[in-house]
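The block underneath contains the structure these notes are about, expressed in structure tokens.
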Amino acid sequence: MSNELGKAEHDLAKARADLEKAEAHHAEAEREIARARSELEEAEKEFERIEKKEHIQVSISTTAGFYPAEGFDSVPEKQAIEHELHKAQRELRIKDITGWIASVITAGGKRTLDSSKSYAENGLSGKAEIDWGPSEGGGG
Amino acid sequence: MHPAAAQALFEEETKHLGPALCGRRGWTMHRIDFPIIDCSFSASGRTPLRMTLTCDNWNDLPPSIRLETPSGEPLRVLPPNPTGVFHAGPHNLTNLPFVCMRGSREYHTHPSHVTDLWDTCRGGSSYTIGGIMTQIWNAWLKGTG
Chain Y
0 MSNELGKAEH DLAKARADLE KAEAHHAEAE REIARARSEL EEAEKEFERI EKKEHIQVSI
60 STTAGFYPAE GFDSVPEKQA IEHELHKAQR ELRIKDITGW IASVITAGGK RTLDSSKSYA
120 ENGLSGKAEI DWGPSEGGGG
Chain B
0 MHPAAAQALF EEETKHLGPA LCGRRGWTMH RIDFPIIDCS FSASGRTPLR MTLTCDNWND
60 LPPSIRLETP SGEPLRVLPP NPTGVFHAGP HNLTNLPFVC MRGSREYHTH PSHVTDLWDT
120 CRGGSSYTIG GIMTQIWNAW LKGTG
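One line per chain: the protein sequences are Y and B, in this order. Under numbering that gives the first Met the number 0, the first residue of the first sequence is numbered 0, with each subsequent residue one higher. Under numbering that gives the first Met the number 0, the first residue of the second sequence is numbered 0, with each subsequent residue one higher.
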């Protein structure tokens with residue numbers, strides 16, 4: 000009987016020791032998870048910073064309406080301007096854009112853009128209000 | 000074109016010529032109700048150009064476009080350094096300077112251009128009311144004075 004009691008006490012002590020070890024592992028694992036979460040959040044913030052840095056806010060105005068209808072679209076600076084113009088054409092249901100020019104109006108006057116090139120190549124960054132419509136007509 | 004249909008098309012095509020677009024382009028809309036659009040173009044260092052478009056029978060007919068002084072009087076002499084579409088005239092019907100460009104009624108009724116029919120450009124995206132105004136604006140921006 001005393002042998003059995005001794006064995007039971009021994010097992011209990013072992014079980015307590017195992018439990019303490021498991022709790023220590025659990026605490027360590029939770030710290031690891033917290034560290035990983037923190038690193039992930041940092042990485043996401045850095046990704047957003049890079050993405051924001053390499054994007055431009057764009058609004059296109061035409062006499063058929065604005066694209067987007069309100070505010071600005073965030074698009075990569077390295078994207079060709081015509082990509083957004085085609086979206087505007089579809090959204091605003093403009094049938095034919097032959098002879099249309101995209102431009103920006105600056106303090107120095109109106110500057111025509113090369114829509115086959117990117118915003119960055121056209122010297123645009125940050126925020127761009129692009130005017131789009133037919134160039135001056137022929138005649139005379 | 001039935002007058003009601005002309006008015007409906009006019010209103011559809013001019014609904015976006017509002018403060019947001021005008022603010023960006025330096026346009027001042029003095030009046031915009033069928034069949035009249037009275038508008039001025041402004042830009043830094045330039046004398047504003049005012050004009051009235053009369054869009055009766057739109058779009059069977061192109062708009063008649065009267066160039067005006069900033070106060071709204073008919074422009075009898077063109078300002079210096081205009082670009083090609085601004086014709087010193089006098090036009091055979093109005094006896095005034097005029098916009099000599101496809102999409103202007105004065106162009107299509109001028110003896111030199113009566114064979115260039117409005118019907119060949121009518122309905123195109125560059126020949127909506129806003130499209131015609133944009134073409135004139137772009138021509139004006141290329142000039143000086």
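Heads up, the beta-carbon is just placed ideally off N, CA and C, and yes, glycines get one too.
Euclidean distance between Cα positions of residue i and residue j
i         : j         : result
Thr157(Y) : Ile32(Y)  : The requested residue 157(Y) is not part of the displayed model; chain Y covers only 0 to 139.
Leu91(Y)  : Gly22(B)  : 20 Å
Leu52(B)  : Ile35(B)  : 6 Å
Glu12(B)  : Thr127(B) : 7 Å
Thr114(B) : Thr68(B)  : 31 Å
Met28(B)  : Glu50(Y)  : 40 Å
His128(Y) : Arg36(Y)  : Residue identity differs from the one stated: residue 128(Y) is Glu in this sequence, not His. If you take the alpha carbons of Glu128(Y) and Arg36(Y), they lie about 39 Å apart.
His15(B)  : Arg30(Y)  : 58 Å
His85(Y)  : Val103(Y) : 17 Å
Ala87(Y)  : Gln134(B) : 19 Å
Ser73(Y)  : Asn91(B)  : 52 Å
Interface residues of chain B facing residue i [CB-CB closer than 9 Å]
i        : result
Asp95(Y) : Gly123, Ser124, Ser125
Gly64(Y) : Lys14, His15, Leu20
Candidates the options: closest to residue i by CA position
i         : options                                 : result
Asn121(Y) : Ile80(Y), Glu3(Y), Lys94(Y)             : Ile80(Y)
Phe85(B)  : Asn91(B), Ala19(B), Pro96(B), Thr127(B) : Pro96(B)
Ile100(Y) : Asp32(B), Gly130(B), Gly83(B)           : Gly130(B)
Lys109(Y) : Ile93(Y), Thr97(Y), Asp95(Y), Asp130(Y) : Asp130(Y)
Glu83(Y)  : Glu8(Y), Gly136(Y), Ser114(Y), Leu39(Y) : Ser114(Y)
Leu74(B)  : Asn94(B), Leu60(B), Asn56(B)            : Asn94(B)
Ala119(Y) : Phe71(Y), Glu53(Y), Gln88(Y)            : Glu53(Y)
Thr119(B) : Pro47(B), Leu60(B), Gly144(B), Thr82(B) : Leu60(B)
Ala19(B)  : Asp10(Y), Leu112(Y), Tyr66(Y)           : Tyr66(Y)
Gly142(B) : Glu72(B), Gly83(B), Phe33(B), His1(B)   : Gly83(B)
Asp32(B)  : Ala7(B), Phe40(B), Arg45(B)             : Ala7(B)
Met146(B) : Val98(B), His112(B), His107(B)          : Nothing can be reported for residue 146(B): it is not among the residues displayed for chain B, which extend from 0 to 144.
Lys94(Y)  : Leu77(B), Leu66(B), Gly123(B), Leu92(B) : Gly123(B)
Nearest-angstrom beta carbon gap, residue j and residue i [assumed within contact, 8 Å]
i         : j         : result
Lys148(Y) : Gln56(Y)  : Any property of residue 148(Y) remains undetermined from this structure, which presents chain Y solely from 0 to 139.
Val63(B)  : Glu105(B) : Note that residue 63(B) is Ser in the sequence shown here, rather than Val. About 7 Å separates the two Cβ atoms, so the contact holds.
Gly107(Y) : Gly102(B) : So it is not a contact: roughly 29 Å between Cβ atoms.
Ser125(B) : Gly98(Y)  : 6 Å
Glu76(Y)  : Ser124(Y) : 6 Å
Phe9(B)   : Cys38(B)  : Contact doesn't hold; Cβ gap of about 14 Å is too wide.
Gly144(B) : Pro79(B)  : 5 Å
Trp57(B)  : Ala5(B)   : 5 Å
Arg49(B)  : Gly71(B)  : 6 Å
Phe40(B)  : Trp136(B) : 5 Å
With 16 other Cβ atoms within 10 Å as the buried cut-off, status of residue i
i         : result
Phe46(Y)  : exposed
His109(B) : buried
Leu4(Y)   : exposed
Pro89(B)  : exposed
Gly70(Y)  : exposed
Gly17(B)  : exposed
Arg132(Y) : At residue 132(Y) the sequence reads Gly, which differs from the Arg that was named. So Gly132(Y) ends up on the buried side.
Thr105(Y) : exposed
Arg24(B)  : buried
Ala68(Y)  : exposed
Thr111(Y) : exposed
Arg30(B)  : exposed
Leu140(B) : buried
His107(B) : buried
Ser142(Y) : A question about residue 142(Y) goes unanswered here, because the residues of chain Y that appear run from 0 up to 139.
Within chain Y, the residues that residue i reaches when beta carbons sit closer than 7 Å
i         : result
Leu48(B)  : Those do not exist, as Leu48(B) stays about 13 Å from chain Y at its closest Cβ, beyond 7 Å.
Leu60(B)  : Simply none; closest approach about 17 Å.
Thr133(B) : Thr62, Gly132, Pro133
Gly130(B) : Thr62, Gly132, Pro133
Interface partners of residue i on chain B, CB under 7 Å
i         : result
Ala106(Y) : Ser43
Ser60(Y)  : Leu20, Arg23
Partner residues on chain Y for residue i, Cβ-Cβ distance less than 9 Å
i         : result
Asn137(B) : Ile100, Ser102, Lys109, Gly132, Pro133, Ser134, Glu135, Gly136
Leu52(B)  : What Leu52(B) touches in chain Y: nothing, since even the nearest Cβ is about 13 Å away.
Chain-ordered neighbours of residue i on chain B, where CB pairs are closer than 8 Å
i         : result
Glu128(Y) : Arg23
Amino acids of chain Y, ordered along the chain, whose beta-carbon sits closer than 8 Å to that of residue i
i         : result
Gly144(B) : What Gly144(B) touches in chain Y: nothing, since even the nearest Cβ is about 13 Å away.
Thr93(B)  : Going along chain Y, no residue has its Cβ under 8 Å from Thr93(B), so there is no contact; the nearest lies around 16 Å.
Gly102(B) : Gly136
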